[in-house]
Structures are given as structure tokens and as C-alpha cells.
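See below for the structure under consideration.
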Amino acid sequence: NAGVTQTPKFRVLKTGQSMTLLCAQDMNHEYMYWYRQDPGMGLRLIHYSVGEGTTAKGEVPDGYNVSRLKKQNFLLGLESAAPSQTSVYFCASSYPRSDPPNTGELFFGEGSRLTVL
Amino acid sequence: GQQVMQIPQYQHVQEGEDFTTYCNSSTTLSNIQWYKQRPGGHPVFLIQLVKSGEVKKQKRLTFQFGEAKKNSSLHITATQTTDVGTYFCAGSSVYNFNKFYFGSGTKLNVKP
Numbered sequence: 154n155a156g157v158t159q160t161p162k163f164r165v166l167k168t169g170q171s172m173t174l175l176c177a178q179d180m181n182h183e184y185m186y187w188y189r190q191d192p193g194m195g196l197r198l199i200h201y202s203v204g205e206g207t208t209a210k211g212e213v214p215d216g217y218n219v220s221r222l223k224k225q226n227f228l229l230g231l232e233s234a235a236p237s238q239t240s241v242y243f244c245a246s247s248y249p250r251s252d253p254p255n256t257g258e259l260f261f262g263e264g265s266r267l268t269v270l
Numbered sequence: 050g051q052q053v054m055q056i057p058q059y060q061h062v063q064e065g066e067d068f069t070t071y072c073n074s075s076t077t078l079s080n081i082q083w084y085k086q087r088p089g090g091h092p093v094f095l096i097q098l099v100k101s102g103e104v105k106k107q108k109r110l111t112f113q114f115g116e117a118k119k120n121s122s123l124h125i126t127a128t129q130t131t132d133v134g135t136y137f138c139a140g141s142s143v144y145n146f147n148k149f150y151f152g153s154g155t156k157l158n159v160k161p
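Written out as C-alpha cells, the structure reads:
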């Protein structure tokens, strides 16, 4: 059981280039998330999805797009990379809980370190 | 928008001393989760609290959820060097329990 897998693990881009980060989970989870982590700022939510074909904005969505065409995959795209997007990106997945209605624990991938020059 | 504030930012303790980190939210939370991240690693789930006033224990770790469901704390008794890492709380609001906001984390260093 691989859990949550992110690719690539490292990438260096030049300003203005585009790229896609792929997140894949094999736990049949409904919910998936993209966070970025910068020193001293914790994890900030970029976008998330509560099911196949649905996406929603988080705290810091500008400059990013996402797609959830298949339940197991959640893609994060940078159309025109900027140095401010240098960060470590974490994908996570989770599942709905009941009694009371809620969200279960987040399972994180290993992270993708992106540097934009 | 919703914010989850966490203090302190750093804590240095001698092995055997206790440690506490606190989380406060500007809005009522549906639930709160705690995570531990080792240096160079990814966040790993520790526990989830959903009920007002809930207290849960895991060996030397004690987690509390406030009566108003706006604050939480993690207390470690008699720290060990294996406790080193950054501890994060993450909360979701009663209006959207899918959307988790993380605190900025407390980085714990334990001197042997």
C-alpha cells in the first residue's frame, strides 16, 4: 500500500515556466488537498477537492490551478511560475466521518520541493 | 476568514521537562487535529478531537479541546529526544468541515 505518492519530489524551474505536480492516492479517499509549506508559516491550503470532478479554493489559490478528473489523482498546475512559488508542496487525502459528520485524518505525501529561479 | 493561531513558535527544553503548545481559532471549530513533523519529513497524524471539552491521552501526550471548541492544547510530560519535531494543529470550521487550516506550528527541541 503506497498511500499518497507525489511526483516529482524535486524540481527547479525558471520564472515563467509551467509545470504540473501529480498526487496519487490508493486509499479510495474522497477528499484531497494541496498545501504549501514555507519556513515559519506552517501549511497553507492552496486548493482542495471533496470528490471526483470537484475542486475548491483554499487560502492561497492565486497562481495555481487544479484538476481532479479521477478520484485517485489530484493535479496541481503552475501556469507561469514565479520565485514566490518556491516552496515545499504537500498533497494529502482524507475521508468523510459520521457521528458527527466530519473529516478524518489527513494522510500526507512525502512532499515536492520546488525552486523557481 | 478563519485563522488558527499557534503558540509558542519555538520551545527548547531539557530532556525530562514538560512541553505545551496552544492553538486558538477565531471561529468555532468542527474538529481539531494534531500532527507531528520531523525535520525533512511530512506531517504525521497524532489525534483528532471532535467533542467540546474532550481530553485524550496517548502515553505521555495529552490533548484537550476547549469547551467552546475554539482552542486546543497538546501537553507532553517528561519530554524525550524522540519528541523533537514541529507540532501542528489543524482545524476545520463548523461551516465547512472539509477545509482544514493549519497553525504555524511549534518547533520543539529537546536537549539530552
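Heads up: the sequence lines are chains H and R, in that order.
So in my numbering, spot 80 of the first sequence is number 233, and the numbers just go up one at a time.
So in my numbering, spot 8 of the second sequence is number 57, and the numbers just go up one at a time.
Don't be surprised by glycine CBs; every beta carbon is placed ideally from N, CA and C.
Only a predicted model underlies this, so the values are computations on that prediction, with no experimental measurement involved.
C-alpha gap between residue i and residue j, whole angstroms
i	j	result
Leu222/H	Leu166/H	26 Å
Pro253/H	Thr111/R	22 Å
Ala117/R	Gln55/R	17 Å
Val219/H	Gln82/R	25 Å
Val143/R	Ser79/R	4 Å
Val93/R	Phe243/H	12 Å
Asn145/R	Val203/H	11 Å
Phe114/R	Gln238/H	34 Å
Asn147/R	Gly211/H	11 Å
Pro249/H	Gln97/R	13 Å
Thr128/R	Thr168/H	44 Å
Val241/H	Gln159/H	12 Å
Phe137/R	Gln170/H	33 Å
Gln63/R	Leu123/R	18 Å
Gly90/R	Gln190/H	12 Å
Val213/H	Ser101/R	30 Å
Gln178/H	Trp187/H	13 Å
Pro192/H	Lys160/R	22 Å
Gly195/H	Thr256/H	20 Å
Cross-strand partners of residue i (DSSP beta bridge)
i	result
Ala209/H	Tyr201/H
Thr155/R	Tyr136/R
Tyr84/R	Phe94/R, Phe137/R
Leu228/H	Leu175/H, Ser220/H
Lys162/H	According to DSSP, which records beta bridges pairwise, Lys162/H is partnered with nothing at all.
Classification of residue i by the beta-carbon crowding that lies within 10 angstroms, buried from 16 upward
i	result
Leu137/H	Nothing can be reported for residue 137/H, as the shown portion of chain H is limited to 154 through 270.
Lys162/H	exposed
Met185/H	buried
Lys61/R	The residue you asked about is not Lys; residue 61/R is His in the sequence shown. Flag for His61/R reads exposed.
Lys85/R	buried
Val104/R	exposed
Thr268/H	exposed
Ser251/H	exposed
Ala235/H	exposed
Ala139/R	buried
Reduced DSSP secondary structure (H/G/I, E/B, other) of residue i
i	result
Thr173/H	strand
Thr69/R	strand
Thr168/H	coil
Thr131/R	helix
Ser233/H	coil
Leu178/H	It is worth fixing the name first, because residue 178/H is Gln in this sequence and not Leu. Strand.
Gln238/H	helix
Met54/R	strand
Ala117/R	coil
Val99/R	coil
Ala245/H	strand
Phe146/R	coil
Lys108/R	coil
Thr256/H	strand
Short Cβ contact (7 Å threshold) for residue i with residue j
i	j	result
Phe227/H	Ala245/H	no
Thr135/R	Thr70/R	no
Cys72/R	Ser141/R	no
Met172/H	Leu259/H	no
Thr126/R	Arg109/R	yes
Leu198/H	Ser265/H	no
His200/H	Thr208/H	yes
Near the ligand ADP: residue i beta-carbon under 6 Å from a heavy atom
i	result
Val93/R	Ligands in the displayed structure: none, and consequently the ligand ADP is not present.
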